[in-house]
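The structure appears right after this line, and notes come after that.
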Amino acid sequence: MIINAINPYISFTAKERSAQELEFLKFRRDLARKVHPQTVNYYKDLWNFSTNSTAENEAKLNASSKNYMDCYCNKASYALLKKLLKGGVEDKNLKRKLKKFEEDFRPEKSGKATEIVTQTTEISAKLNNYKFKIDGEEKSLAEIHDILATSEDSALRKKAREAHVKFSNLIAKDLIKLVKTRNEYARSKGYDNFFEYELKNTYNVDPKKIQEMFEQLSDAAIGFCLRENNGNKQKLVFDDDPEKLVNNYIKDKETIVATGKEIYKKMGWDLDKLPVTLDLFPRAGKETHGFCVATDNNKDVRAILNLGKNLTDLENLSHELGHVVYYLGISDKLQYFDRDCPSCATTEAVAMMMGHIFIKEDVLPELLGVPQELIQRIKEREVEDNAAFVRKYAYHFNFEKSLYENPDKDPAQTERELAIKYLDRDPNLKASNKWATTSHYLTSPGYLQNYLRAEIMGMQLYEAAVKQLGPLTKNPHTADYFNKKLFRTGAMYDEEETLKRFTGEGFSIDTYKKQFEKN
Numbered sequence: 037m038i039i040n041a042i043n044p045y046i047s048f049t050a051k052e053r054s055a056q057e058l059e060f061l062k063f064r065r066d067l068a069r070k071v072h073p074q075t076v077n078y079y080k081d082l083w084n085f086s087t088n089s090t091a092e093n094e095a096k097l098n099a100s101s102k103n104y105m106d107c108y109c110n111k112a113s114y115a116l117l118k119k120l121l122k123g124g125v126e127d128k129n130l131k132r133k134l135k136k137f138e139e140d141f142r143p144e145k146s147g148k149a150t151e152i153v154t155q156t157t158e159i160s161a162k163l164n165n166y167k168f169k170i171d172g173e174e175k176s177l178a179e180i181h182d183i184l185a186t187s188e189d190s191a192l193r194k195k196a197r198e199a200h201v202k203f204s205n206l207i208a209k210d211l212i213k214l215v216k217t218r219n220e221y222a223r224s225k226g227y228d229n230f231f232e233y234e235l236k237n238t239y240n241v242d243p244k245k246i247q248e249m250f251e252q253l254s255d256a257a258i259g260f261c262l263r264e265n266n267g268n269k270q271k272l273v274f275d276d277d278p279e280k281l282v283n284n285y286i287k288d289k290e291t292i293v294a295t296g297k298e299i300y301k302k303m304g305w306d307l308d309k310l311p312v313t314l315d316l317f318p319r320a321g322k323e324t325h326g327f328c329v330a331t332d333n334n335k336d337v338r339a340i341l342n343l344g345k346n347l348t349d350l351e352n353l354s355h356e357l358g359h360v361v362y363y364l365g366i367s368d369k370l371q372y373f374d375r376d377c378p379s380c381a382t383t384e385a386v387a388m389m390m391g392h393i394f395i396k397e398d399v400l401p402e403l404l405g406v407p408q409e410l411i412q413r414i415k416e417r418e419v420e421d422n423a424a425f426v427r428k429y430a431y432h433f434n435f436e437k438s439l440y441e442n443p444d445k446d447p448a449q450t451e452r453e454l455a456i457k458y459l460d461r462d463p464n465l466k467a468s469n470k471w472a473t474t475s476h477y478l479t480s481p482g483y484l485q486n487y488l489r490a491e492i493m494g495m496q497l498y499e500a501a502v503k504q505l506g507p508l509t510k511n512p513h514t515a516d517y518f519n520k521k522l523f524r525t526g527a528m529y530d531e532e533e534t535l536k537r538f539t540g541e542g543f544s545i546d547t548y549k550k551q552f553e554k555n
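For the sequence shown, the numbering used here gives the first residue as 37, with consecutive numbering after it.
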């Protein structure tokens, strides 16, 4: 399709349509008028609850969730979508969007859908208001993670681990109950379980193909580690780990923020002048992990983080800001339902790319005075780190798949078995409920597989952009390039077509897999 140089949307919107396609387009316009305000209300209430998990904000979120879901509950609309899906819509992009609507709509109000939201919010409130204690002193989850990541005090790390285990035991039973409720809803939609439902409907991926991808890459990654590490799947972490040494150059949390913003400014995004709200530091009653939410794409984008003062937190900030600039770059000329990302994996690909860029392009020696030698040592571990990344997400994928396929099986035992298989844990490892602290299992079931696909896709995006621009952090036109070539078309095209338009090729694991096959 040739894109008009003045208005890139003409070729899409001006195409001659069949009567059925025009009927669907009208249906979509009418629905947008109902959904748009409800979506804005929902995301604002989600933000308020996530930043301050009071009972009042919990009630408001449950109410706005119900109002949003009710937009997709109409017997006549459901029948119309079924009719149109059987024939009459030939356009590939329209058919894809029609299928998504048909999956999302319900002929009648579903008590299970509301129950899922209520249970999820209740567990989130419990988590967000939990107070860790070490020797009588209260600690946030971010502080617990910081101790586990950076402290040289083995006794303190042990106490932090014990506090983390106590935390996980608090909600494990609640999560299993939620899994069963979600499964009941999925079966009412014709799926075996909710994990399968999310993969096929929400993320538009084939469960068998995703399983095959994880098996191929995890086998290659484990094989690489066995060859490189004298029969061990992974190396021990030494005291002179270069990432820990880089932490010494990070003065405080504010240094993380200033550095992250400066990295983006070098590429042409001045975040202080954009419609962005950032809530960056941990406190009581706040969501315990990081995420980005576009309350109204390209007009109001917000990100939550719980920053400490280590290299991982700089990566987390750079990652979330990748989501921010993607949402901000989507054109407001698009039809409402196209003002979104093509897929979760596509926006994650940009975020993953941005999370690595300050190491890949040697930014920290200039901004923080980190010796080049330390950055080089981190780069030299890239393939080993990628192998660990693959194994980590193969572990997550298989655990979550098992959890939904058989929720009556002890998840602590399943987690133990998978940790030994994929993460090379001690065979004498004791089973525990630490799986319950993985926030995505609660808030975004089926989502974690996106990270591995995004890591691969992000490599493709980066290599294609560098061919045109050179190092991205040294080119102030990077923002303009991504806005025009990737972000502004939103969800007009699907994930594969979007990737092809930017890189010239579709998604492929071949290059990523080859790094593990070198001798």
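Every residue gets a Cβ at the ideal spot worked out from N, C-alpha and C, and that includes glycine.
Does DSSP classify residue i as helix, strand or coil?
i    : result
F327 : strand
I366 : coil
C377 : coil
C107 : coil
V337 : strand
K345 : coil
E174 : strand
R193 : helix
R524 : coil
R461 : coil
S224 : helix
R319 : coil
N469 : coil
D444 : coil
N352 : helix
T547 : helix
E52  : coil
I286 : coil
V386 : helix
N164 : helix
F552 : coil
N229 : coil
D308 : helix
A480 : In the sequence as displayed, the identity of residue 480 is Ser instead of Ala. Three-state result, S480: coil.
S187 : coil
N240 : coil
Taking the continuous alpha helix (DSSP H) assigned at residue i, which residues delimit it?
i    : result
M314 : Looking at the sequence provided, one finds Leu at residue 314 rather than Met. No alpha helix (DSSP H) contains L314, which is instead part of the beta strand (DSSP E) from 312 to 315.
D81  : 55 to 87
M495 : 485 to 505
V426 : 418 to 441
I258 : 243 to 264
D516 : 514 to 518
P278 : 278 to 282
T534 : 531 to 539
Y372 : Counting along the chain, Y372 falls outside any alpha helix (DSSP H), and DSSP gives it neither H nor E.
L508 : Element bounds for L508: n/a, residue is neither H nor E.
E402 : 400 to 404
Taking 9 Å as the cut-off, decide whether the C-beta atoms of residue i and residue j are in contact.
i    : j    : result
G542 : A500 : no
V241 : Q485 : yes
E151 : N237 : no
G326 : N284 : no
A185 : T348 : yes
L310 : V293 : no
R132 : D374 : no
L488 : A527 : no
V125 : F63  : no
L404 : T474 : no
R69  : Q371 : no
F107 : V76  : Note that residue 107 corresponds to Cys in the displayed sequence, not to Phe. Their beta carbons are not under 9 Å apart, which means C107 does not touch V76 by this criterion.
A385 : L497 : yes
E533 : D228 : no
N165 : G365 : no
How would you write the range of the beta strand (DSSP E) that residue i sits in, first residue to last?
i    : result
K169 : 168 to 170
Using DSSP bridges, identify the partner residues of residue i.
i    : result
D332 : D336
R142 : C109
Say whether the segment 402 to 420 touches the segment 517 to 533, bearing in mind that this needs 3 or more beta-carbon pairs closer than 8 Å, one atom from each stretch. no
Any chance the segment 193 to 205 sits against the segment 469 to 477, with 3 or more Cβ pairs inside 8 Å? yes
Flag this pair as touching only if the segment 208 to 218 and the segment 364 to 383 have three or more C-beta atom pairs under 8 Å; answer yes or no. no
Between the segment 76 to 92 and the segment 150 to 170, are three or more C-beta pairs nearer than 8 Å? yes
Is the number of C-beta pairs between the segment 168 to 175 and the segment 422 to 442 that are closer than 8 Å three or more? no
Do the segment 417 to 432 and the segment 295 to 309 meet, that is, are 3 or more Cβ pairs less than 8 Å apart? no
If you pair each beta-carbon of the segment 389 to 398 with each one of the segment 329 to 342, do three or more pairs fall below 8 Å? no
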